[in-house]
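Numbering (this note's numbering), first residue to last: 707 to 790.
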């Protein structure tokens with residue numbers, strides 16, 4: 707199973723769009739777990755991601771997919787993570 711983090715914050719319309727794209731992608735692939743993290747919770751996340759959210763992040767490799775992204779970008783990002 708691949709664990710990803712979606713960094714965002716409440717009230718961010720781009721983050722809402724990113725979540726919708728990811729939900730659509732998840733319908734086809736149940737081998738993914740997506741954790742949504744609000745960057746407002748920790749100062750270091752605010753400093754790193756405030757101007758870049760939403761960001762899809764893979765903790766194991768520290769690879770990031772920054773906005774803007776679409777279904778194709780998400781699929782390519784995941785393929786790179788699985789070497790497939």
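Here a beta-carbon is modelled for each residue, glycine too, at the ideal position from N, C-alpha and C. Keep in mind the model is a prediction, meaning the values are calculated, not measured.
Residue i and residue j closer than 8 Å at C-beta
i, j, result
"residue 709", "residue 739", "yes"
"residue 745", "residue 717", "no"
"residue 803", "residue 725", "What is shown of the chain runs 707 to 790, which leaves residue 803 out entirely."
"residue 768", "residue 727", "no"
"residue 761", "residue 770", "yes"
"residue 707", "residue 753", "no"
"residue 784", "residue 773", "no"
6 Å Cβ shell around residue i - same chain, five flanking residues per side excluded
i, result
"residue 729", "none"
Residue i - partner residues in DSSP beta bridges
i, result
"residue 762", "712 and 771"
"residue 744", "714"
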